[in-house]
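First the structure, in the form of structure tokens, and then the observations on it.
Number of protein chains: 2
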Amino acid sequence: MKKPVRMRDVAEAVGVSPMTVSRAFKPGGAVDDETRAKVLSAANRLGYVFDSTASTLRSQRTGFVAVTIPSLNNANFADTFRTLNDSLETAGLQILLGSTDYRVKTEEKLVDQLLRRRPEAIVLTGSHHSERTREMITRADIPVIEIWDQPEHPLGHVIGFSNADAIRPVVRHLAETGRKKLGFVGASDTADFRGRARRLGVLDEAARLGLPTPALISAGPAPVSMVHGARAVADNIADIRKLDALICVSDQVAFGAMSECARQGMHVPGDLAVTGFGAFEIASVSSPTITTVDVQSSEIGSLTGTFLVDLLQGRTDPSPLRCRIRTSLRLGNSS
Amino acid sequence: MKKPVRMRDVAEAVGVSPMTVSRAFKPGGAVDDETRAKVLSAANRLGYVFDSTASTLRSQRTGFVAVTIPSLNNANFADTFRTLNDSLETAGLQILLGSTDYRVKTEEKLVDQLLRRRPEAIVLTGSHHSERTREMITRADIPVIEIWDQPEHPLGHVIGFSNADAIRPVVRHLAETGRKKLGFVGASDTADFRGRARRLGVLDEAARLGLPTPALISAGPAPVSMVHGARAVADNIADIRKLDALICVSDQVAFGAMSECARQGMHVPGDLAVTGFGAFEIASVSSPTITTVDVQSSEIGSLTGTFLVDLLQGRTDPSPLRCRIRTSLRLGNSS
DNA sequence: ACAGGTCGTGTTATCGATACCATAAACAGT
DNA sequence: ACTGTTTATGGTATCGATAACACGACCTGT
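Going line by line, the protein sequences match chains E and V. Per our numbering, the very first residue in the first sequence carries number 1; after that it's consecutive. Per our numbering, the very first residue in the second sequence carries number 336; after that it's consecutive.
Below is the structure:
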């Protein structure tokens with residue numbers, strides 16, 4: 001239980017001032033090469049570990065970026081988060097992650113907690129926030145990026161796509177291939193705003209094309225995944241036999257639905273077309289492969305990361321960015 | 336660009352000392368209820384945001400827990416991380432997450448970075464670390480937990496299972512059902528230590544049971560997932576036709592393998608049994624369902640979380656814990 | 001030779017909260 | 001009445017690094 005080594009101790013050991021040690025630890029610090037080498041070797045010998053907390057307080061730069069995502073077990077956001085993390089960590093930034101559990105109230109508490117850490121920027125998944133959340137973030141006066149959506153009233157920067165528009169090509173594709181009686185499988189509640197937007201997109205596009213109103217089939221409360229897709233089909237099999245296409249809110253749900261269809265003796269795509277959303281691995285590996293919408297989740301993460309790094313280093317115009325991620329229909333054998 | 340509100344400003348507004356404001360913000364702070372209410376309302380009115388950085392420096396408590404995992408897109412660790420995060424955040428602890436990319440050198444750099452933030456504890460996935468990593472962590476003098484493994488020489492606490500032992504029942508099950516010519520599909524390199532341990536477990540158990548040495552089929556470098564399982568089967572189809580069981584390093588690989596088998600006209604389990612590992616959603620939703628090993632990934636996370644919270648609050652004996660997570664064979668229709 | 005520049009280093013004050021101790025008031029027990 | 005205890009609050013020093021400024025040594029060009 002000896003007391004921890006501080007910068008001062010290293011300085012004394014080398015015979016320089018703490019300031020010189022400080023500079024030796026900064027990548028761009030103006031120190032003589034020889035001095036730096038001596039400092040670093042002494043630091044290593046003494047077991048000195050740089051204290052970011054003190055540095056942060058004095059310099060007012062935390063190196064933190066706060067990130068909120070709806071759910072950690074939703075594979076949808078894993079890719080985005082991973083690529084975002086990769087971009088940021090090379091710039092020496094550390095993510096503070098929190099999950100909102102699809103609730104604006106939870107998001108509010110989370111944002112309050114995160115802001116106490118003085119992040120240099122904040123990334124929010126989605127665009128629906130409580131009034132207080134908006135206020136806290138505005139007052140924090142740091143860059144904000146909303147991702148995975150196209151908000152009407154953005155808080156700051158936007159890197160995402162319209163979930164409603166992204167799914168329209170699916171409806172058109174189904175209509176073009178002669179499918180008329182559509183169904184939509186998604187979460188029952190309205191907590192998953194992106195899922196809800198997709199549902200609205202489906203309904204609207206079907207109306208525009210003069211198709212009958214799609215049947216809405218609930219897969220239970222968000223987040224929904226494979227088992228929920230399977231259960232939704234099992235629970236509504238009679239209705240589903242009357243349809244000729246099932247539009248699912250995600251590839252996971254689509255896969256679950258397809259697998260239950262197989263169990264029920266329905267042939268995909270012969271008896272029923274099934275589509276997903278998100279272009280996840282499962283879509284290209286399942287049989288049949290799933291018709292889906294590629295939203296480039298990795299792209300969202302890496303774009304956000306590089307943009308943020310440029311912004312924080314002052315290399316980028318800080319005026320609000322609205323970046324629309326290009327989404328595309330990817331045909332599989334399920335439709 | 337007005338200057339930020341500090342505790343002192345709130346104190347002045349209410350007419351108390353900063354110390355009282357400080358206490359009003361602590362859950363257990365001894366302040367008059369009325370005073371606290373006045374302080375909090377003033378804080379809210381002025382837009383004061385508590386500054387954890389300063390608090391941390393003075394009190395020497397950061398509220399951080401450092402966590403390293405091999406890969407963020409490996410679904411294996413998502414459940415563990417999610418439940419761990421849930422337990423910790425209710426206790427007001429914030430995770431600092433880093434991914435090691437399955438490399439000890441990357442882990443070393445990561446640990447160095449994370450320790451600078453002065454975490455109150457560190458959680459490492461796996462048990463293979465560089466000498467320098469071990470040294471840094473030992474010197475940091477904070478609780479360490481190694482998860483997802485059973486290290487021979489633990490750094491501190493252990494919450495995990497033996498990957499080699501966990502997969503033995505799979506081999507026994509296959510032997511009992513008359514399968515003799517086994518194959519193992521996993522990552523080619525030795526970077527994924529847990530995958531390697533499973534392979535060794537398969538080889539050893541096969542030898543004990545007097546079975547011929549299982550064929551080793553590479554699915555490429557770690558991390559491996561569905562597409563790699565499918566490709567491994569496609570690339571080695573001639574060899575695989577001679578086998579009667581395929582033991583895969585994970586459910587994802589097993590699913591990919593099964594789907595390629597279907598494409599190749601091989602029937603599972605008729606022509607070939609296929610098994611996975613991890614008991615992920617895909618195992619119970621795919622058809623056929625996959626025989627797998629349930630390792631309770633969620634359990635690992637929540638156990639680690641509650642243990643850590645108890646430890647940091649001094650409610651638990653700090654002597655090294657070695658917790659063996661019970662694993663179990665879960666039969667599916669794929670074998 | 002000298003003004004003006006760069007480079008490496010030291011001195012001092014400070015970032016914003018809180019540990020530690022002191023104090024005053026209220027109240028109980030003998 | 002006096003001591004001891006509890007509760008609510010304030011004053012001061014401090015956590016460990018660094019921004020800002022100062023300074024001397026060494027260039028470099030005219």
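Just so you know, even glycine gets a beta-carbon here, dropped at the ideal spot from N, CA and C. For clarity, every value in this text was computed on a predicted model and none was experimentally measured.
- Selection E:118, E:159, E:128, E:131 evaluated against residue 142 (chain E) yields E:118 as nearest (Cα-Cα).
- Any Cβ of chain E closer than 8 Å to the Cβ of residue 343 (chain V) would place that residue at the interface, and such an atom is absent.
- Distance from the CA atom of residue 393 (chain V) to the CA atom of residue 460 (chain V), rounded to whole angstroms, is 31 Å.
- When secondary structure is reduced to three states using DSSP, residue 648 (chain V) falls in the coil class, being assigned neither helix nor strand.
- Around residue 388 (chain V), the beta-carbon contacts reaching into chain E at under 8 Å are 53, 56, 57, 62, 117, 118.
- Counting only runs of at least 3 residues, the segment 481-514 of chain V fully encloses the following beta strand (DSSP E) elements, listed from N- to C-terminal order: 492-495.
- Along the segment 53-113 of chain E, the alpha helix (DSSP H) occurs as fully enclosed runs of 4 or more residues at 75-90, listed in sequence order.
- Spatial neighbours of residue 103 (chain E) in its own chain (CB-CB distance under 8 Å, excluding positions within 5 residues in sequence) are listed in chain order as 191.
- Chain order gives no chain E residues near residue 378 (chain V), where near means a beta carbon separation below 9 Å; the closest approach is about 12 Å.
- Among the bridge pairs identified by DSSP, residue 617 (chain V) is matched with none.
- Beta-bridge partners assigned by DSSP to residue 630 (chain V): none are found.
- Pairwise C-beta distances place the segment 28-42 of chain E out of contact with the segment 76-93 of chain E, as fewer than three of them are shorter than 8 Å.
- Burial state of residue 265 (chain E) is exposed, judged by a 10 Å Cβ sphere holding fewer than 16 other Cβ atoms.
- 8 Å or more divides the Cβ of residue 586 (chain V) from the Cβ of residue 607 (chain V).
- Closest option to residue 577 (chain V), judged by alpha-carbon separation, among V:344, V:403, V:350, V:547: V:547.
- In terms of Cα proximity to residue 570 (chain V), the closest of V:555, V:582, V:656 is V:555.
- Taking the Cα of residue 609 (chain V) as reference, the smallest distance to any Cα among V:545, V:595, V:583 is reached at V:583.
- Residue environment analysis places residue 15 (chain E) among the exposed positions, since fewer than 16 neighbouring C-beta atoms fall within 10 angstroms of its C-beta.
- Fewer than three pairs of CB atoms, one per stretch, sit closer than 8 Å, so the segment 393-408 of chain V makes no contact with the segment 61-72 of chain E.
- Distance between residue 417 (chain V) and residue 30 (chain E), taken at the CA atoms: about 43 Å.
- Boundaries cannot be given for residue 612 (chain V), as no alpha helix (DSSP H) includes it and DSSP labels it neither H nor E.
- For residue 462 (chain V), the CB contacts under 6 Å within the same chain, skipping 5 residues up- and downstream, are 481, 484, 486 in chain order.
- Sequence-distant partners of residue 230 (chain E) (beyond 5 residues in either direction) whose C-beta falls short of 7 Å from its own C-beta, in its chain, are 256, 257, 259, 260.
- In chain order, 451 make up the part of chain V whose C-beta sits under 7 Å from the C-beta of residue 50 (chain E).
- Relative to residue 515 (chain V), the option among V:538, V:380, V:497, V:666 whose CA is nearest is V:538.
- Contact with chain E is found for residue 417 (chain V), since one of that chain's Cβ atoms lies less than 8 Å from the residue's Cβ.
- If you compare the alpha carbons of V:428, V:644, V:408 with that of residue 84 (chain E), the shortest gap goes to V:408.
- Straight across, the Cα-Cα distance linking residue 55 (chain E) with residue 6 (chain E) is about 12 Å.
- For residue 535 (chain V), the closest Cβ of chain E is not nearer than 8 Å.
- When DSSP states are grouped into helix, strand and coil, residue 520 (chain V) belongs to the strand group.
- Nearest CB-CB separation between residue 631 (chain V) and chain E: not below the 8 Å threshold.
- Relative to residue 238 (chain E), the option among E:183, E:111, E:170 whose CA is nearest is E:183.
- Each of E:317, E:18, E:307 was checked against the Cα of residue 42 (chain E), and the nearest Cα belongs to E:18.
- Here the C-alpha atom of residue 637 (chain V) lies approximately 16 Å from the C-alpha atom of residue 71 (chain E).
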